[in-house]
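Report on the structure given below.
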Amino acid sequence: MKDGTKDEYLLLHELEKPYLGLTADRILDELRRQGEATLEGYQITRLEHGLQSASRAEAEGADIDWIVGALLHDIGDGLAPQNHDRFSAEVIRPFVRWEVAWTVEHHGIFQMVYYAHHYGWDKDARDRFRDHPCFDTCAAFCERWDQASFDPEYPSRSLDHFEPMLREVFARKAYDPAVIREDEVIGL
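If you're matching positions, the sequence shown starts at 1 in UniProt numbering and goes up one per residue.
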């Protein structure tokens, strides 16, 4: 890499654009893969969990960033089950508001309040973020949209319904300051 010339890097930059433009397609492919098998021990697939979360967000009137964030909050589960929250956040971070990415990144530790005590873990581990401006938002995300979305009877919307929103978000300019709005917390 250190021997590359400016012209070579400019060429690579141009050649990379079509691949970047297919990000939404790759994400949709991964979501479809997540719909192929039920999560071990659960009554629904990973895809259905994301669809339920996004459907709940939409039903509450959440904006497109929150809906797509809810849909994709566990997209990292297949490749990074031990840190899926951080993996999932990195997928969406360039394209959504800062608070949405932060919430997705930290939802794993916030969810521990529901189950950690069963394993002898600290169910209050999220309290170390108590003074963070996104604490209440992340707690609400987990309570209203994530932990409730394992219901095999829930009438979630289809992936086809959410596809235009997903495409709109991933068509944005990456890290656009007008979108990211770093340190601004709107809430759910």
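Yeah, the Cβ is synthetic: ideal placement off N, Cα and C, and Gly gets one too.
What number of angstroms, rounded off, separates the C-alpha of residue i from the C-alpha of residue j?
{"i": "Gly-35", "j": "Thr-137", "result": "28 Å"}
{"i": "Asp-146", "j": "Ser-53", "result": "6 Å"}
{"i": "Asp-74", "j": "Thr-45", "result": "11 Å"}
{"i": "Arg-26", "j": "Arg-144", "result": "28 Å"}
{"i": "Ala-89", "j": "Pro-164", "result": "20 Å"}
{"i": "Leu-166", "j": "Gln-43", "result": "25 Å"}
{"i": "Phe-141", "j": "Lys-6", "result": "45 Å"}
{"i": "Val-169", "j": "Ala-80", "result": "23 Å"}
{"i": "Glu-58", "j": "Gly-76", "result": "22 Å"}
{"i": "Leu-47", "j": "Tyr-154", "result": "13 Å"}
{"i": "Arg-181", "j": "Leu-39", "result": "35 Å"}
{"i": "His-118", "j": "Glu-184", "result": "36 Å"}
{"i": "Glu-8", "j": "Lys-17", "result": "15 Å"}
{"i": "Ile-186", "j": "Val-104", "result": "15 Å"}
{"i": "Gln-158", "j": "Ala-101", "result": "Looking at the sequence itself, residue 158 is Ser, so the reference to Gln does not match. Rounded to the nearest angstrom, the two C-alpha atoms are 23 Å apart."}
{"i": "Gly-4", "j": "Arg-172", "result": "29 Å"}
{"i": "Gly-78", "j": "Asp-160", "result": "21 Å"}
In the structure shown, what three-state DSSP assignment does residue i receive?
{"i": "Thr-38", "result": "strand"}
{"i": "Thr-45", "result": "strand"}
{"i": "Lys-17", "result": "helix"}
{"i": "Gln-147", "result": "coil"}
{"i": "Arg-130", "result": "coil"}
{"i": "Ala-125", "result": "helix"}
{"i": "Asp-176", "result": "coil"}
{"i": "Pro-155", "result": "coil"}
{"i": "Leu-188", "result": "coil"}
{"i": "Thr-23", "result": "helix"}
{"i": "Thr-5", "result": "coil"}
{"i": "Arg-181", "result": "coil"}
{"i": "Ala-171", "result": "coil"}
Under the rule that 16 or more other beta-carbon atoms within 10 Å means buried, what is residue i, buried or exposed?
{"i": "Leu-11", "result": "exposed"}
{"i": "Ile-67", "result": "buried"}
{"i": "Arg-97", "result": "buried"}
{"i": "Ile-92", "result": "buried"}
{"i": "Gly-69", "result": "buried"}
{"i": "Gly-50", "result": "buried"}
{"i": "Glu-99", "result": "buried"}
{"i": "residue 191", "result": "Here the chain covers residues 1 to 188 and nothing more, so residue 191 does not appear."}
Say whether chain B places a C-beta atom closer than 9 Å to the C-beta of residue i.
{"i": "Lys-6", "result": "The displayed structure is made up of one protein chain only, and chain B is not part of it."}
Counting pairs of Cβ atoms below 8 Å between the stretch 123 to 131 and the stretch 170 to 187, do you hit three or more? no
Requested in this report: Starting from the N-terminal side, write out each stretch of the alpha helix (DSSP H) that is 4 residues or longer and does not extend beyond the stretch 40 to 120.
Outcome: If only uninterrupted alpha helix (DSSP H) runs of at least 4 residues are considered, those enclosed by the stretch 40 to 120 are 46 to 59, 64 to 72, 84 to 92, 98 to 119.
> Counting Cβ pairs closer than 8 Å, one from the stretch 100 to 109 and one from the stretch 80 to 88, do we hit at least three?
Replying inline: yes
Could you tell me whether the stretch 127 to 135 touches the stretch 16 to 23, where touching means 3 or more Cβ pairs closer than 8 Å? The count of Cβ pairs closer than 8 Å, one atom from the stretch 127 to 135 and one from the stretch 16 to 23, stays below three, leaving the stretches out of contact.
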